[in-house]
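Okay, so here's the structure we're looking at.
Protein chains: 2
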Amino acid sequence: MTAIDAASVARAYWETAEARAWKAFGELLADDVLYECPQTRERVRGREAYVRFNREFPGDWHVSIERIVAGDDRAVTWTSFRTGSGTETGIAFLDLDATGKISRITDFWPEPYEPPTNRAHLVERY
Amino acid sequence: MTAIDAASVARAYWETAEARAWKAFGELLADDVLYECPQTRERVRGREAYVRFNREFPGDWHVSIERIVAGDDRAVTWTSFRTGSGTETGIAFLDLDATGKISRITDFWPEPYEPPTNRAHLVERY
Chain A
924 MTAIDAASVA RAYWETAEAR AWKAFGELLA DDVLYECPQT RERVRGREAY
974 VRFNREFPGD WHVSIERIVA GDDRAVTWTS FRTGSGTETG IAFLDLDATG
1024 KISRITDFWP EPYEPPTNRA HLVERY
Chain B
924 MTAIDAASVA RAYWETAEAR AWKAFGELLA DDVLYECPQT RERVRGREAY
974 VRFNREFPGD WHVSIERIVA GDDRAVTWTS FRTGSGTETG IAFLDLDATG
1024 KISRITDFWP EPYEPPTNRA HLVERY
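In order, the protein sequences belong to chains A and B.
Per the numbering used here, the very first residue in the first sequence carries number 924; after that it's consecutive.
Per the numbering used here, the very first residue in the second sequence carries number 924; after that it's consecutive.
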């Protein structure tokens, strides 16, 4: 895999999800794809379960790509995930196997929070 | 910049921070480096202020690199940030300028949270 290929796979992953093109989405995945969300300790194993996880994911969501960084057999995506209740930021680490299929997805959803006051003198707010 | 160079700069960024080697850390940065944390809307502008932000960052912290994904003039780092009160996950997007200096840092700190129950049938927990 080249970096360009890994970026293309990452882009297709989100574009097929947004299009609800679940057959094409599934074709990007390895049979034994492993999905993990370290923040919630949720895990999904295997292509069928992972396509279902996305297909049945609750709500009227839309996703757009903010940035892709890709190198060799890995990519990271920064996305905006919009639902009726607002927009969240998603960051996904995608690992590709030797055939270019996505074999592992590690998903992060950083939420807004109030910064500690003990570093307030070192920053501005925007 | 090649992907290997961007990865090396990203690695040096965290290694010099961990070593409190602030002169070497600062030499990795562009004069007008811009740091932003979208979750807190904190911002730091310029090398001097950004070195100070790190040098004076409260607490006895230690950082180790879990993963670097780098391509062209960009890198993403996944780190573990340990303090007396536990270990946090950090994800930083680093943009390099044409001379290989870090010109922009976008920093995310995803925290643990409880997943919505409406997708519980689609996942296992670990």
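Beta carbons: idealized from backbone N, C-alpha and C, even for Gly.
Small disclaimer: the values here were computed from a predicted structure and weren't measured.
When rounded, the separation of the alpha-carbon atoms in A1015(B) and F1031(B) is 6 angstroms. DSSP places S931(A) within a helical segment (H, G or I) once states are collapsed to three.
For the region 1030-1041 of chain A, residues whose beta-carbon sits nearer than 9 angstroms to a beta-carbon of chain B comprise F1031, W1032, P1033, E1034, P1035, Y1036, E1037, P1038, P1039, N1041. Identification of residues in the region 989-1013 of chain A having a C-beta nearer than 8 angstroms to some C-beta of chain B yields R990, V992, A993, G994, D995, R997, A998, V999, W1001, T1012, given in sequence order.
A buried status is given to G994(A), since no fewer than 16 other beta-carbon atoms sit within 10 Å of its beta-carbon. In this structure, DSSP gives E1034(B) a state outside helix and strand, which the three-state scheme calls coil. It is roughly 7 angstroms from the alpha-carbon of Y958(A) to the alpha-carbon of Y973(A).
Using a Cβ-Cβ cut-off of 9 angstroms, V974(A) is close to nothing in chain B; its nearest Cβ partner there is about 11 angstroms away.
For the pair W937(A) and V986(A), the CB atoms are nearer than the 8 angstroms cut-off. F980(A) reaches chain B at R1042, counting residues in chain order whose Cβ is nearer than 7 angstroms.
A942(A) carries a coil assignment under DSSP once its states are collapsed to helix, strand and coil. In the DSSP assignment, V974(A) falls within the unbroken alpha helix (DSSP H) covering 970-978. Ranked by how close their Cα comes to the Cα of V999(A), the residues L1017(A), G1007(A), G1009(A) have L1017(A) in first place. Counting along the chain, A1015(A) sits inside the beta strand (DSSP E) bounded by residues 1009-1019. For a cut-off of 8 angstroms, the C-beta gap from F1004(A) to N977(A) is around 12 angstroms, too long to register as a contact.
Here A940(A) has F948, N977, V986 as same chain residues with Cβ atoms under 7 angstroms from its own Cβ, once five neighbours each way along the sequence are excluded. Distance from the CA atom of D955(A) to the CA atom of R966(A), rounded to whole angstroms, is 12 angstroms. For V1046(A), at least one C-beta of chain B is nearer than 8 angstroms to its own C-beta. When the alpha-carbon of R970(B) is set against those of T1029(B), R1048(B), K1024(B), P1039(B), the nearest one is in K1024(B). Relative to the Cα of P961(B), the nearest Cα in the group P1035(A), L1045(A), T1040(A) belongs to P1035(A). Note that the C-beta distance between L1045(A) and E979(B) is below 8 angstroms. Beyond the five residues adjoining it in sequence on each side, W1001(B) comes within less than 6 angstroms, by CB distance, of E989, R990, I1014 in the same chain, given in chain order.
In the structure shown, L957(A) adopts extended strand secondary structure according to DSSP, grouped into three states.
In this structure, P1038(B) and T1010(A) do not form a Cβ contact; the two beta carbons are roughly 19 angstroms apart against a cut-off of 8 angstroms. Chain B places no beta carbon closer than 8 angstroms to that of R970(A), leaving this residue out of the contacts.
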